[in-house]
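Asker: Residue numbers (our numbering): 1 to 158.
A virtual CB, placed ideally from N, CA and C, is assigned to each residue, including glycine.
Sharing a structure here in structure tokens format.
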């Protein structure tokens, strides 16, 4: 279900915890699995549960609680825009409207070509850089004006 490299990454995370506390690595294991598969299907969640010796429902609870995990397919590039109050006061609403118009989708939708999914996010801890967005949970982009959004979308479309 997961590649040898992915299992090695999970094993490194497991090494940080006592042997009887394997479940402590569930968030790391889910991140590794999602990076490899793009989302967390029921089969992937079952695999992670088995690998960590956990009940599948316990893994599912983690996967559905945190917004960085996806339990349904998403586009190649998941763009998550912070819509908390500090970002809203500094242009997030305008950035959201612009992204929706440029991509032709709303929040929680994917473009027909499967390239982009647009999500709302909670605070990313970069209020002074707002509006802020994350690309694929890994790359933070700050001060996202319409021009910077155009540049980002052009770069990601290549």
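Could you spell out the range, first to last residue, of the beta strand (DSSP E) harbouring residue 80?
Answerer: Position 80 of the chain shown holds residue 80. Here the beta strand (DSSP E) through residue 80 covers 77 to 82.
Asker: Which residue from 120, 89, 85 and 158 puts its Cα closest to that of residue 100?
Answerer: The count along the chain shown starts at 1 and reaches residue 100 at position 100. That would be 120, whose Cα lies nearest to the Cα of residue 100.
Asker: Could you tell me the alpha carbon to alpha carbon distance between residue 32 and residue 58, rounded to whole angstroms?
Answerer: The sequence position of residue 32 within the chain shown is 32, counting from 1. The sequence position of residue 58 within the chain shown is 58, counting from 1. Looking at the two C-alpha atoms, the distance is approximately 17 Å.
Asker: Quick one, which of 139, 96, 148 and 79 has its alpha-carbon nearest residue 114's?
Answerer: One-based indexing of the chain shown puts residue 114 at position 114. It is 79 whose Cα lies nearest to the Cα of residue 114.
Asker: Can you find at least 3 beta carbon pairs, one from the stretch 45 to 62 and one from the stretch 76 to 95, that sit closer than 8 Å?
Answerer: With a cut-off of 8 Å, the stretch 76 to 95 and the stretch 45 to 62 do not count as touching, because too few Cβ pairs lie within range.
Asker: Count the C-beta pairs between the stretch 140 to 150 and the stretch 37 to 48 that are closer than 8 Å, then say yes if the count reaches three, no if not.
Answerer: No: the two stretches stay apart, fewer than three of their Cβ pairs being nearer than 8 Å.
Asker: Which residue's Cα is closest to the Cα of residue 24: 157, 127 and 12?
Answerer: Here residue 24 corresponds to residue number 24 of the chain shown, with the count starting at 1. Taking only the C-alpha atoms, the option nearest residue 24 is 12.
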